[in-house]
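Worksheet: one structure, shown below.
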Amino acid sequence: MGIEPGERGVGLSGGALPDGGAPGSSQAAGSCGATSDPTPSSWLANPRSTREVLDAFGLFAKHRLGQNFLVSDGVVAKILRLAELGPDDVVFEVGPGIGTLTVALLRQAGAVVSVEADRALEPVLAQTCERDSERFSLVMGDALRVDAEGLSSAVAALGLAGIDPEPRLLVSNLPYQVAATVILRTLEHMPRVRREVVMVQAEVADRIAATPGGRDYGAYTAKLGLYAQVTGRFEVGPGNFMPPPHVQSAVVRIDRRPCLGPDGTPLSPEHVAACAAVIDAAFAQRRKTIRNSMGALGFDRERLDAAFSATGIAPTTRAERLATADFVRLAEALGW
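Numbered according to the numbering used here, the sequence shown spans residues 206 to 541.
Laid out in structure tokens, this is it:
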């Protein structure tokens, strides 16, 4: 989610939060998202505060790019409950926007490291997150290029005693154009992230939670199953954003689990990568049988036939009928 400098209004260097909107204030959430839930939430998650911050910095949403701001405190509170943060947890956030979710995460987590590509938001976040700035690190850049080492270094630079700087959770209102990639990439490359609680477009949530044989099931879902499982979801309607988007949204919780081989032992990273390669090959030509799809990509057909025989998987099966565990068995039978 990004915002750009407006043609009118206060310049970025002179932006200041309005009176009564300071971090930590008890400003009411307004008609959209008002809640009596005791879970700490966000003073920004209402239309009035969001509009005041945007106006103070001369910023506005780019409607043509589908940029929308979460203005429901109730949704923020539900995200926090689903995340189950601990006081020593380091949270990784992608696309903090003006800090609507960030300020709520800072009230529960040990530290938050947020990655934002839009430099226009840097001074905004410096003010909205000012109250907890000693536990907040902002990394300006592309979320698809950051790694666990870089994020850990950013948190370590805060000098927090008793806090392991490596992120343990991804909690974000993700930019929808990169959401699916961020979710899987984090699981693949940040092995100590144990949970993801993310806002995504509803159709992406459907892909994440799809089951074999379903319309939304594909290589992405099968590979996600190598690392984790969906353990929670709730829907978020357009009225929870300003301006309302033209799509439905959903928040999903994804918990990491060990990927087990046919003998029940956890797989090595190398074996998990081999399973992912088998999944990609099986789905490469979705309209073909799994034998023809994998054979077309260079897998030896005699080895394939032997693997199908050993696993009991019919070579005429289409990839979308197989669960992640089936691909693991097939990868093992192929010799990893």
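Cβ atoms here follow ideal geometry from the backbone N, Cα and C, with glycine treated the same way.
Classification of Ala-479 by the beta-carbon crowding that lies within 10 angstroms, buried from 16 upward:
Counting Cβ neighbours within 10 Å, Ala-479 comes out buried, since at least 16 surround it.
Host beta strand (DSSP E) of Phe-265 (start-end):
Element bounds for Phe-265: 264-266.
List the whole-angstrom C-beta distance separating Glu-371 from Ala-353, where the pair is believed to meet the contact cut-off of C-beta under 8 angstroms.
A Cβ-Cβ distance of about 6 angstroms is found for the pair Glu-371 and Ala-353, placing them in contact under the 8 angstroms criterion.
Give me the Cα-Cα distance between Gly-442 and Ala-250, rounded to the nearest whole angstrom.
Their backbone Cα atoms lie some 15 angstroms apart in a straight line.
CB-CB under 7 angstroms to Leu-311, same chain, minus the five flanking residues each way: which ones, in chain order?
The beta carbon of Leu-311 sits closer than 7 angstroms to the beta carbons of Val-317, Cys-334, Asp-337, Arg-340, Phe-341 from its chain, once the five residues preceding and following it are set aside; these are given in chain order.
Could you tell me which of Ile-459, Ala-501, Pro-301, Arg-526 sits nearest to Leu-326, measuring between CA atoms?
Among Ile-459, Ala-501, Pro-301, Arg-526, the Cα nearest to that of Leu-326 is on Pro-301.
Enumerate, from N- to C-terminal direction, the unbroken alpha helix (DSSP H) stretches of 4 or more residues contained entirely within the segment 451-520.
You should have 474-488, 495-501, 506-516.
Quick one: Cα of Ser-247 to Cα of Val-280, how far?
The straight-line gap from Cα to Cα measures roughly 10 angstroms.
Validate contact between the segment 492-510 and the segment 402-422 using beta carbons, cut 8 angstroms, 3 pairs:
The segment 492-510 makes no contact with the segment 402-422; the number of CB pairs closer than 8 angstroms stays below 3.
Closest to Thr-391 by CA distance: which of Asp-323, Ala-331, Asp-460 is it?
Just measuring C-alpha positions, the residue of Asp-323, Ala-331, Asp-460 sitting nearest Thr-391 is Asp-460.
Whole-angstrom C-beta distance between Leu-349 and Val-383, which should lie under 8 angstroms
Their Cβ separation, rounded to whole angstroms, is 6 angstroms, which keeps Val-383 and Leu-349 in contact under 8 angstroms.
Where Arg-496 falls, given that 16 or more other Cβ within 10 Å makes a residue buried:
It counts as buried.
Might you give, ordered along the chain, the residues of its own chain that have their beta carbon closer than 8 angstroms to the beta carbon of Arg-491, omitting 5 neighbours on each side?
Setting aside the 5 residues that flank it on each side, Arg-491 is surrounded in the same chain by Gly-423, Ser-498, Arg-523, Ala-524, Glu-525, each with a C-beta closer than 8 angstroms to its C-beta; the list follows chain order.
For Pro-448 and Ser-254, what's the separation of their Cα atoms in angstroms?
Each residue's CA atom was taken as its position, placing Pro-448 and Ser-254 some 14 angstroms apart.
Does DSSP classify Gly-437 as helix, strand or coil?
Of the three classes helix, strand and coil, the one that applies to Gly-437 here is strand, per DSSP.
Look at the Cβ atom of Ala-309, then the Cβ atom of Leu-275, and state whether they are nearer than 8 angstroms.
Going by C-beta atoms, Ala-309 is not nearer than 8 angstroms to Leu-275.
Would you decide whether Leu-259 is buried or exposed? Buried here means 16 or more other CB atoms lie within 10 Å of its CB.
Label assigned to Leu-259: buried.
Going by DSSP, name the residue or residues bridged to Val-296.
Answer is Val-317, Leu-374, bridged to Val-296.
With H, G and I counted as helix, E and B as strand and the rest as coil, what does DSSP make of Leu-275?
Strand.
For Thr-416, does the count of other Cβ atoms within 10 angstroms reach 16, so buried, or fall short, so exposed?
By the 10 Å Cβ count, Thr-416 comes out exposed.
Helix, strand or coil for Leu-363 per DSSP?
Three-state DSSP puts Leu-363 in coil, outside helix and strand.
Take Ala-528 and list the residues in its own chain whose beta-carbon comes closer than 7 angstroms to its own, dropping the five residues that flank it on each side.
The answer, listed in chain order, is Pro-417.
For the beta strand (DSSP E) containing Leu-343, name the first residue and the last one.
Unbroken beta strand (DSSP E) run through Leu-343: 341-345.
Is Asp-347 near Val-295, with beta carbons less than 8 angstroms apart?
The answer is no: Cβ separation not under 8 angstroms.
Simplified DSSP assignment, three categories, for Val-405:
Here Val-405 sits in strand by DSSP.
Quick test of your reading: Val-452 and Phe-532, contact by CB under 8 angstroms. State the CB separation rounded to the nearest angstrom.
Incorrect: roughly 31 angstroms between the Cβ atoms, too far for contact.
Would you decide whether Gly-315 is buried or exposed? Buried here means 16 or more other CB atoms lie within 10 Å of its CB.
That one is buried.
Going by Cα to Cα distance, which pick from Lys-493, Gly-466, Thr-470, Glu-507 is closest to Ala-536?
Answer by Cα proximity: Gly-466.
Which class does Arg-400 belong to by DSSP, given the choice of helix, strand or coil?
Correct three-state label for Arg-400: strand.
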